[in-house]
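Q:
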Amino acid sequence: MKQNMQNLKLFISEYKAYFDTVIRHDVSFNWDDDSWSANTQNKGVFSGAKTATLNFNKLTTFKKGIYFEGDNEVDLTVGVHKEFRDFIKAFMCYLIKLKNRKVSMSALNRDLLLIKKVYIQLLVNGHIKPDVHVINNDIILHTMTAHCTAIAKKTNGVADSQTAMRSLCKRLTVLAVTLTPISFNVTQKRASSEATAKAKEAAEKFHNAEYVEETDEDDSDKLISIQTFLNIVALRSMVSTDGEKILLNMLLLLMVTGFRFGECARLRTDSLKKLEIDDSEAINILKEKGLTPYYLGIKYVGEKSAGTRTHWVEPLAISLVEIIYEDTLKLTKKLRTHISECRKHNFNTLLPIELQAKIEIPIDDITDYIVESLSETAQKGESQRRDFTNRALKKAKIEPLRIEFVNSRRKVQYYSARDIETYLQERVLKSKSLSSDFILNFQDSKTGKNVRVCYEDILFIAPEGSLALIKTQVIKPLPALISIHDMSKFLGAADGQSGTSIFKKYGLTDENGNHPSLTTHMPRHTINTFLAIAGITDHIQAAIMGRVDITQNSAYQHLAIQERAMASDASFSGNQLDIFDKTVTVQEPSSSNPMELIKETAQISINPDLNLANGIAQNTHSFTTTQDVTSLVSDVFESSGIDLMAGLGVASANEQSNELIERHAYLYSLDFGSCMRNLKAWSCPYSMRCQDGSPCPYFTVIGRADDQIKLESKRESLRNQLREIELLFSNGDLSLEEYQELSVDFKRRRESLMEINVNSNKIEATKQKINLIEFDHHKKPKSLATIFAIEHRKKEHLEKAKS
10 MKQNMQNLKL FISEYKAYFD TVIRHDVSFN WDDDSWSANT QNKGVFSGAK
60 TATLNFNKLT TFKKGIYFEG DNEVDLTVGV HKEFRDFIKA FMCYLIKLKN
110 RKVSMSALNR DLLLIKKVYI QLLVNGHIKP DVHVINNDII LHTMTAHCTA
160 IAKKTNGVAD SQTAMRSLCK RLTVLAVTLT PISFNVTQKR ASSEATAKAK
210 EAAEKFHNAE YVEETDEDDS DKLISIQTFL NIVALRSMVS TDGEKILLNM
260 LLLLMVTGFR FGECARLRTD SLKKLEIDDS EAINILKEKG LTPYYLGIKY
310 VGEKSAGTRT HWVEPLAISL VEIIYEDTLK LTKKLRTHIS ECRKHNFNTL
360 LPIELQAKIE IPIDDITDYI VESLSETAQK GESQRRDFTN RALKKAKIEP
410 LRIEFVNSRR KVQYYSARDI ETYLQERVLK SKSLSSDFIL NFQDSKTGKN
460 VRVCYEDILF IAPEGSLALI KTQVIKPLPA LISIHDMSKF LGAADGQSGT
510 SIFKKYGLTD ENGNHPSLTT HMPRHTINTF LAIAGITDHI QAAIMGRVDI
560 TQNSAYQHLA IQERAMASDA SFSGNQLDIF DKTVTVQEPS SSNPMELIKE
610 TAQISINPDL NLANGIAQNT HSFTTTQDVT SLVSDVFESS GIDLMAGLGV
660 ASANEQSNEL IERHAYLYSL DFGSCMRNLK AWSCPYSMRC QDGSPCPYFT
710 VIGRADDQIK LESKRESLRN QLREIELLFS NGDLSLEEYQ ELSVDFKRRR
760 ESLMEINVNS NKIEATKQKI NLIEFDHHKK PKSLATIFAI EHRKKEHLEK
810 AKS
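Heads up: take any position in the sequence shown, counting from 1, add 9, and you land on my numbering.
1. Within 10 angstroms of the Cβ of residue 584, are there 16 or more other Cβ atoms? Answer buried if so, exposed if not.
2. Restricting to Cα atoms, I'd like to know which of 680, 491, 552 and 608 is closest to residue 254.
3. Going by the beta-carbon positions, is the gap between residue 280 and residue 309 smaller than 8 angstroms?
4. For residue 117 and residue 101, what's the separation of their Cα atoms in angstroms?
5. Between residue 801 and the rest of its own chain, which residues show a CB-CB distance below 7 angstroms, the 5 nearest in sequence each way excluded?
6. If I'm right that residue 303 touches residue 325 with Cβ under 8 angstroms, what's the distance once you round it to whole angstroms?
7. Nearest CA to the CA of residue 94: which residue from 153, 706 and 18?
8. Less than 8 angstroms separating the beta-carbons of residue 154 and residue 127?
9. Between the beta-carbon of residue 681 and the beta-carbon of residue 723, is there less than 8 angstroms?
10. Using only alpha-carbon positions, find the residue among 233, 385, 412 and 457 that is nearest to residue 317.
11. What residues match up with residue 691 in a beta bridge as DSSP calls it?
12. Helix, strand or coil for residue 777 per DSSP?
13. Just to confirm the assignment: which complete alpha helix (DSSP H) runs, minimum length 4, are found wholly within the stretch 384-451?
14. State yes or no: is the C-beta of residue 62 nearer than 7 angstroms to some heavy atom of the ligand ZN?
15. When burial is assigned at 16 or more other CB atoms within 10 Å of the CB, is residue 387 buried or exposed?
16. With a 10 Å radius around its C-beta and 16 neighbouring C-beta atoms as the bar for buried, classify residue 248 as buried or exposed.
17. Based on Cα-Cα distance, which residue from 289, 282 and 349 lies nearest to residue 321?
18. So what's residue 354 in DSSP terms, helix, strand or just coil?
19. Quick one, which of 140, 770 and 193 has its alpha-carbon nearest residue 150's?
20. Let me know the secondary structure DSSP gives residue 207 once reduced to three states.
21. Between which two residues does the alpha helix (DSSP H) holding residue 328 run?
22. If we ignore side chains and look at the alpha-carbon of each, how far apart do residue 176 and residue 146 end up?
23. Can you tell me which of the three DSSP states residue 277 falls into?
24. Taking residue 314 as the reference, which of 293, 64 and 272 has the closest Cα?
25. Locate the beta strand (DSSP E) running through residue 320, then write down its first and last residues.
26. Starting from the Cα of residue 707, find the closest Cα among 290, 714, 721 and 691 and give me that residue.
27. Out of curiosity, what's the CA-to-CA distance linking residue 480 and residue 508?
28. Count the other CB atoms within 10 Å of the CB of residue 10; is the residue buried (16 or more) or exposed (fewer)?
29. Tell me the rounded alpha-carbon separation between residue 167 and residue 123.
30. What is the residue span of the beta strand (DSSP E) that residue 164 lies within?
31. Put residue 300 into one of helix, strand or coil per three-state DSSP.
32. Going straight from the alpha carbon of residue 74 to that of residue 134, what length do you get?
33. Where do the N-terminal and C-terminal ends of the alpha helix (DSSP H) with residue 470 fall, by residue?
34. Tell me, please, whether the stretch 402-409 touches the stretch 417-426 by the rule of three or more beta-carbon pairs shorter than 8 angstroms.
35. Report all residues from its chain with a CB closer than 8 angstroms to the CB of residue 420; omit the five preceding and five following residues, and keep chain order.
36. Taking DSSP as the reference, what is the three-state secondary structure of residue 583?
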């Protein structure tokens, strides 16, 4: 025990020293602080525009997943005691060092929350002042059982938590700070996206997909709809303030490139690079098409270990990207110049150069250069503008230095330049999003190195407060970075905490009359779905999208399948899809299964006496349970008047039909027809002889879409074989005995096929043909991906026609 306690003390001392020597000079917090927060001023792991905090003391944030039924609740307001807090801090530093400073705040927070839950379990077990060395397997098991029970519906969340706890236990055991070695076994694994039969089947389905039978409708919400796209285009002529224009430019760049938000937010002003084309013939072709005779790339620092790389812009979008850069730089030129001047003088003053020589500043100059409201009320006139500025300064406890009465109707307030300077400096110090040196620090997720970029060198910046859409108070000399919160609010996303979106402000609605809502990741989803629809290989998709792990492409395959299906369903009032033109003569189907046959002919025959589910299942053989089979066979049995069970024996004739059906409710799809033997339990005793037409007591046809086509193929094949036998006999190649033996077998098979044909005709006689094209006349595509899929299918069929 003494050794364990000594190990713990040494561990804490070692990593406190690591914090002091490696981390401390890069961050704005101390070892003894109860929380460590990330911000733009910090470097390394704790850098970045996203605000994230490691809180070592607070326990009251836990509302569930900490108690079993019957446990006595403990007082969580006491927090974590100092010695245990020091251990947690040391462990966080240990992880940072272990990962070579390339670990995310979310990963650290995950382990921190698990350790705090272990601490709570120690409190529940009666430890008044929990110590690290008393943690054992029972404590870990109880902690994880309570935690996983609370999130049981989120299987991936359970898997991730269990994996994290297993790793945590291994590390604590290696550190030897507990009395006994501890371990945790993972019982829930995250669903694999590769190397499984299901994944391979999904991938194969994706690459061959033209339609889709089952898709998750909610996934369509990840794609940009056509109406939303048109609304975004309309906004270009509607946005009025500089902040709105900058945010819109950022959105357009996200839509063109598919960047992650963080990648776009950190773009530099000089990130564009041109690559001249040497081939004169290629240049002429580009010019004829109205395209620029050069390639355009955007250099950026990728997230998720992507590193520094270049995104090459689609040639059709080059002009738009150049306009976005030019417009954004023009809108922010004054602000960039101001910050550059301030930096030259080491930020001794934040006042614009126009005001630096003044001792007192009139209210009009403060409105023009320092603080202003862009609200409709404040912009009604000069008097309203000045009134707002006065109220903003008064709220900051800044009073006029003197008041000059120009006439009986107007007075001019003069403020101290020193007070205005103090006002600006205090705004910087109080703001969580502004850095005092106006430098953005973030970590390159690939190399782990800290990257420093001056605000004036970042493409997307704006005066503080100008990004709000209503109740704007703009502090003109202070530059602000665009945060995910700013963009989410602009787009009306849920994580923007509601409020007025740009669509709501200008009264733009979608096809349902609602104000659109986007996330910053939807353009990326849409572009990657385009690539998946076009069949771009995984490694090229990953390269285009700045992705290291190509297995993540599978996340877009289901969307691509859905959009290809929508492309098959969607048509405008004219002939949207040439393949579905009613004047086209349908050729003899070449498909080898019922589903492909229905797709190819765009027709399905349904028995109106069957319920719709059974009618479709009859055509496609798409059922999985015994109940499905019983329902189908019963329906077909009753509607067609055919004894599908006749071959099962005379003894069955006395049984009730429903009992007979339930007893033999097996229906396995064969290449030709179906089998009513329990093939899962017993293999075929006849070596699948039914497939050549030989009679079998278990064989039947149920009216599958391809039954008659394959039946006719079997009959024609048998006729040809009979002719060959007769020819061989007439040529003397077969003896009379051999000829008679073969003839008997072939005639028996022919009679069997004739009987099957009679039954099949009876089943088909109960059906009515339905032209699926008729359902398409009033459907229109809703998403950009569907339009892309439509055009891509047109191209595919044109290429097939040419070949």
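Heads up, the beta-carbon is just placed ideally off N, CA and C, and yes, glycines get one too. In this text the structure is predicted, and so the values were computed from the model without any measurement.
A: With the given structure in hand:
1. Along the sequence shown, read from residue 1 onward, the residue named residue 584 stands at position 575. Because the pLDDT at residue 584 is just 42, under 50, the model does not fix this residue reliably, and the point stays unresolved.
2. In the sequence shown, residue 254 corresponds to position 245, counting from 1. That would be 491, whose Cα lies nearest to the Cα of residue 254.
3. Taking the sequence shown and counting its residues from 1, one reaches residue 280 at position 271. Taking the sequence shown and counting its residues from 1, one reaches residue 309 at position 300. The answer is yes: Cβ separation under 8 angstroms.
4. Start at 1 with the first residue of the sequence shown, and residue 117 comes out as number 108. Start at 1 with the first residue of the sequence shown, and residue 101 comes out as number 92. Rounded to whole angstroms, residue 117 to residue 101 spans 7 angstroms at the Cα level.
5. By 1-based counting over the sequence shown, the position of residue 801 is 792. Contacts found: 542 and 543.
6. The count along the sequence shown starts at 1 and reaches residue 303 at position 294. The count along the sequence shown starts at 1 and reaches residue 325 at position 316. Wrong, their Cβ atoms sit about 14 angstroms apart, outside the cutoff.
7. The sequence position of residue 94 within the sequence shown is 85, counting from 1. Out of 153, 706 and 18, 18 has the C-alpha closest to the C-alpha of residue 94.
8. Mapped onto the sequence shown, residue 154 falls at position 145. Mapped onto the sequence shown, residue 127 falls at position 118. Not a contact, by the Cβ cut-off of 8 angstroms.
9. Reading the sequence shown from its first residue, position 672 is the one you call residue 681. Reading the sequence shown from its first residue, position 714 is the one you call residue 723. Going by C-beta atoms, residue 681 is nearer than 8 angstroms to residue 723.
10. Start at 1 with the first residue of the sequence shown, and residue 317 comes out as number 308. That would be 457, whose Cα lies nearest to the Cα of residue 317.
11. In the sequence shown, residue 691 corresponds to position 682, counting from 1. Bridge partners of residue 691: none, in fact.
12. Taking the sequence shown and counting its residues from 1, the one referred to as residue 777 is at position 768. Strand at residue 777.
13. 391-404 and 426-439
14. Looking for the ligand ZN in the displayed structure turns up nothing, as the structure carries no ligands at all.
15. Start at 1 with the first residue of the sequence shown, and residue 387 comes out as number 378. That one is buried.
16. Position 239 of the sequence shown, counted from the start, is the residue given in the question as residue 248. Buried.
17. Numbered from its first residue, the sequence shown carries residue 321 at position 312. For residue 321, the nearest C-alpha among the options comes from 282.
18. Indexing the sequence shown from 1 puts residue 354 at position 345. Coil.
19. Within the sequence shown, residue 150 is the residue found at index 141, counting from 1. That would be 193, whose Cα lies nearest to the Cα of residue 150.
20. Residue 207 sits at position 198 when you count from the first residue of the sequence shown. Because the pLDDT at residue 207 is just 45, under 50, the model does not fix this residue reliably, and the point stays unresolved.
21. Start at 1 with the first residue of the sequence shown, and residue 328 comes out as number 319. DSSP places residue 328 in the uninterrupted alpha helix (DSSP H) bounded by 327-340.
22. The sequence position of residue 176 within the sequence shown is 167, counting from 1. The sequence position of residue 146 within the sequence shown is 137, counting from 1. The alpha-carbon atoms of residue 176 and residue 146 are separated by roughly 14 angstroms.
23. For the purposes of this step, residue 277 is taken as the residue at position 268 of the sequence shown. Three-state result, residue 277: strand.
24. Against the sequence shown, residue 314 aligns to sequence position 305. Checked all of 293, 64 and 272; the closest Cα to residue 314 is 272.
25. Sequence index remark: in the sequence shown, residue 320 carries index 311 (1-based). Looking at the DSSP string, the run of the beta strand (DSSP E) that includes residue 320 is 316-321.
26. The residue you call residue 707 lines up with position 698 of the sequence shown. It is 691 whose Cα lies nearest to the Cα of residue 707.
27. Working through the sequence shown from its first residue, we reach residue 480 at position 471. Working through the sequence shown from its first residue, we reach residue 508 at position 499. For residue 480 and residue 508, the distance between alpha carbons rounds to 11 angstroms.
28. Along the sequence shown, one-based indexing puts residue 10 at 1. By the 10 Å Cβ count, residue 10 comes out exposed.
29. As a first step, residue 167 is located in the sequence shown; it is residue number 158 there, counting from the start. As a first step, residue 123 is located in the sequence shown; it is residue number 114 there, counting from the start. Roughly 12 angstroms between the two C-alpha positions.
30. Walking along the sequence shown from the start, residue 164 turns up at place 155. Residue 164 -> not in any beta strand (DSSP E); alpha helix (DSSP H) instead, spanning 164-184.
31. Translated into positions along the sequence shown, residue 300 becomes position 291. If DSSP states are grouped into helix, strand and coil, residue 300 belongs with coil.
32. Along the sequence shown, read from residue 1 onward, the residue named residue 74 stands at position 65. Along the sequence shown, read from residue 1 onward, the residue named residue 134 stands at position 125. Taking the CA atoms as reference points, residue 74 sits about 16 angstroms from residue 134.
33. Within the sequence shown, the letter at position 461 stands for residue 470. Premise fails: residue 470 lies in the beta strand (DSSP E), 470-473, not in any alpha helix (DSSP H).
34. yes
35. The residue given as residue 420 occupies position 411 in the sequence shown. Within the same chain, residue 420 has close Cβ partners 412, 413 and 414.
36. In the sequence shown, counting from the first residue as 1, residue 583 sits at position 574. Caution applies to residue 583, whose pLDDT of 42 falls short of 50 and renders its modelled position unreliable; the model cannot decide the point.
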